[in-house]
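Have a look at the structure below before the remarks.
Numbering (the numbering used here), first residue to last: -9 to 150.
See below:
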């Protein structure tokens, strides 16, 4: 029980988000100054009706979880990333097309470790808690400035 009390900030609670990484706030910088390249202002990809319904469902779920919000017409949008629906065994997943964005993003010197590195480190551990590397998720907190660079665009509108 002492371990739970000592490391209580590690676990999710009513006030804390599940999987939130604190102490490593992500700062995104682009190799461009002020004038953004036209490739960074992308239109939404055309969607079939089945994908449009899946978009509405996914977006509504993310809005209810307070992870996404629709942008108003008066908000400044300089960068948009198109999102598509990927289907696997009749289950839909929203996938962002960040290829153009990654072309102009400056890579961090100390990036977050990839899954293989994490699993290698876990294999050497003496004690382990339960972990589901395939189904788990992490939330990275963003610094205020890069939030304007992560706007997604769908057939349903622009979201942040």
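Each residue gets a CB set at the ideal place from its N, CA and C atoms; glycine is no exception.
Around the beta-carbon of residue 131, fewer than 16 other beta-carbon atoms lie within 10 Å, marking it exposed. Boundaries cannot be given for residue 35, as no beta strand (DSSP E) includes it and DSSP labels it neither H nor E.
Between residue 52 and residue 149, the alpha-carbon positions lie close to 10 Å from each other. When C-alpha distances from residue 146 are compared across 19, 43, 95, 85, the shortest belongs to 43. Non-local C-beta neighbours of residue 48 in its own chain, meaning closer than 6 Å and more than five positions away in sequence, comprise 84, ordered along the chain. When Cβ pairs closer than 8 Å are counted between the two stretches, the region 58 to 71 is seen not to touch the region 106 to 114, the count staying below three.
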